[in-house]
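Chemist:
There are 2 protein chains.
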Amino acid sequence: MKVVILGCGRVGATLATQLDKAGHSVSVVDSSNDAFQRLDPEFGGMKILGNGIEQHVLKRAGILEADAFVAVTNGDNRNIMASQIAKEIFHIKKVVCRIYDPIRQLTYNELGMETICPTLISANILFDAVTVDTKHKV
Amino acid sequence: MKVVILGCGRVGATLATQLDKAGHSVSVVDSSNDAFQRLDPEFGGMKILGNGIEQHVLKRAGILEADAFVAVTNGDNRNIMASQIAKEIFHIKKVVCRIYDPIRQLTYNELGMETICPTLISANILFDAVTVDTKHKV
Chain A
1 MKVVILGCGR
11 VGATLATQLD
21 KAGHSVSVVD
31 SSNDAFQRLD
41 PEFGGMKILG
51 NGIEQHVLKR
61 AGILEADAFV
71 AVTNGDNRNI
81 MASQIAKEIF
91 HIKKVVCRIY
101 DPIRQLTYNE
111 LGMETICPTL
121 ISANILFDAV
131 TVDTKHKV
Chain B
1 MKVVILGCGR
11 VGATLATQLD
21 KAGHSVSVVD
31 SSNDAFQRLD
41 PEFGGMKILG
51 NGIEQHVLKR
61 AGILEADAFV
71 AVTNGDNRNI
81 MASQIAKEIF
91 HIKKVVCRIY
101 DPIRQLTYNE
111 LGMETICPTL
121 ISANILFDAV
131 TVDTKHKV
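In order, the protein sequences belong to chains A and B. Note that the UniProt record's numbering has the first sequence beginning at 1, numbered continuously upward. Note that the UniProt record's numbering has the second sequence beginning at 1, numbered continuously upward.
1. Pull up the CB-CB distance for A61/B and S27/B, whole angstroms please, since I reckon it's below 8 Å.
2. Could you work out which residue in K47/A, D67/A, V57/A is closest to K2/A when comparing CA atoms only?
3. Is there contact here, the stretch 103-122 of chain A with the stretch 70-80 of chain A, by at least three beta-carbon pairs under 8 Å?
4. From D40/A to T17/A, what does the alpha carbon distance come to, in whole angstroms?
5. Comparing alpha-carbon positions, which option in K47/A, Q84/A, L64/A lies nearest C8/A?
6. A123/B versus chain A: which residues are under 7 Å apart at the beta carbon?
7. Please list the partners that K94/A has in chain B, where partner means a Cβ-to-Cβ separation under 7 Å.
8. Spatial neighbours of A71/B within its chain, please: CB distance less than 6 Å, with the 5 preceding and 5 following residues excluded, ordered by chain position.
9. Could you round the C-beta distance between V29/B and G45/B to whole angstroms and report it? I think they count as a contact, below 8 Å.
10. Any beta-carbon of chain A closer than 9 Å to the one on L6/B?
11. Considering only C-alpha positions, which residue in the set R38/B, F90/B, A129/B is nearest to V57/B?
12. If you draw a straight line from the alpha carbon of T115/B to that of T14/B, how long is it in whole angstroms?
13. Output, in sequence order along the chain, the residues in the stretch 102-123 of chain A whose CB is closer than 8 Å to any CB in chain B.
14. When you compare the CB of R78/B with every CB in chain A, is at least one pair closer than 9 Å?
15. Comparing C-alpha positions only, which one of T131/B, K94/B, E88/B, V4/B sits nearest to residue 146/B?
16. Listing by chain order, which chain B residues have their CB less than 7 Å from the CB of F127/A?
Take a look at the structure:
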């Protein structure tokens, strides 16, 4: 499948590498050229320099042919806006958006956006780790 | 149980609130007073202002009586150092350390430190979300 990832931070770069290794066609968009250094040296996908909420940038990343879009920049608002563009304008079937703020995540989830909230995920894992006597390793 | 949390960012504040609501005795340490505003208004635990890698600050937070210690500042190095202090100097049974960098997380895991890596957790969840056709909600 063809996946466009917005944001080449740690999570974006790790995900891009995982998908590329699994045989998927991956484009990663970031506004900083340095960010692409986080990618695996053997990464075979496309690296697109630009602002991922601009449609011509997303088109350069191949969004017109994409099956999935993932927004993982450091900004919740940017991720939300880019995900809405991917869904409403480019009609991408699978759009997943990272939102750090649990309150905004809840709101956008209720509006039908598929989201993940690392804040809640981490807090829940840590809660289990300190209250349940088992070693958690990820 | 008595839990000391270092770092009152989003994850620290969410975890502190969860543990407090579940009836545990919680102390949160942060070097910024503003950080404590992230706590639930009804948070009943202790808020300790200070540098959490200083032993007198940890003692003020009640580390001598603590059953568990969680390090979730924004700095991997600070979390690692504080966790080592909690484990080696204060002999806290349950120490959990957040490490964003997957490579350092692997290293410290192999050295016996209990860690979580939000980078890998998020990347893995997103990988499943885009490759498996099921809605993931957290």
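Beta carbons are placed, not taken as given, at the ideal position from N, Cα and C, and that holds for glycine.
Modeler: Let's see:
1. For the purposes of this step, residue 61/B is identified with residue 61 of the second sequence, where counting begins at 1. For the purposes of this step, residue 27/B is identified with residue 27 of the second sequence, where counting begins at 1. About 4 Å; that satisfies the 8 Å criterion.
2. Here residue 2/A corresponds to residue number 2 of the first sequence, with the count starting at 1. Out of K47/A, D67/A, V57/A, D67/A has the C-alpha closest to the C-alpha of K2/A.
3. yes
4. Mapped onto the first sequence, residue 40/A falls at position 40. Mapped onto the first sequence, residue 17/A falls at position 17. Using only the alpha carbons, I get a separation of about 6 Å.
5. Against the first sequence, residue 8/A aligns to sequence position 8. Taking only the C-alpha atoms, the option nearest C8/A is K47/A.
6. Locating residue 123/B in the second sequence gives position 123, where the first residue counts as 1. Residues of chain A passing the Cβ test: V11, T14, L15, Q18.
7. Within the first sequence, numbered from 1, the residue matching residue 94/A stands at position 94. What K94/A touches in chain B: V130.
8. Taking the second sequence and counting its residues from 1, one reaches residue 71/B at position 71. Here the set comprises L6, N79, A82, S83, C97.
9. The residue given as residue 29/B occupies position 29 in the second sequence. The residue given as residue 45/B occupies position 45 in the second sequence. No, V29/B and G45/B are not in contact; Cβ-Cβ is about 11 Å, not under 8 Å.
10. Here the question's residue 6/B lines up with position 6 in the second sequence. No, no contact with chain A.
11. In the second sequence, the residue the question calls residue 57/B occupies position 57. The residue with the shortest Cα to Cα distance from V57/B is F90/B.
12. Position 115 of the second sequence, counting from 1, holds the residue named residue 115/B. Position 14 of the second sequence, counting from 1, holds the residue named residue 14/B. The alpha-carbon atoms of T115/B and T14/B are separated by roughly 18 Å.
13. P102, N109, E114, T115, I116, C117, P118, T119, L120, I121, S122, A123
14. On the second sequence, position 78 is the one that residue 78/B refers to. No, R78/B lies away from the interface with chain A (no Cβ there is under 9 Å from its Cβ).
15. For chain B, the structure presents residues 1 to 138; residue 146/B sits outside this window and is missing.
16. Here residue 127/A is taken as the residue at index 127 of the first sequence, counted from 1. Within 7 Å Cβ-Cβ: L15, Q18, L19.
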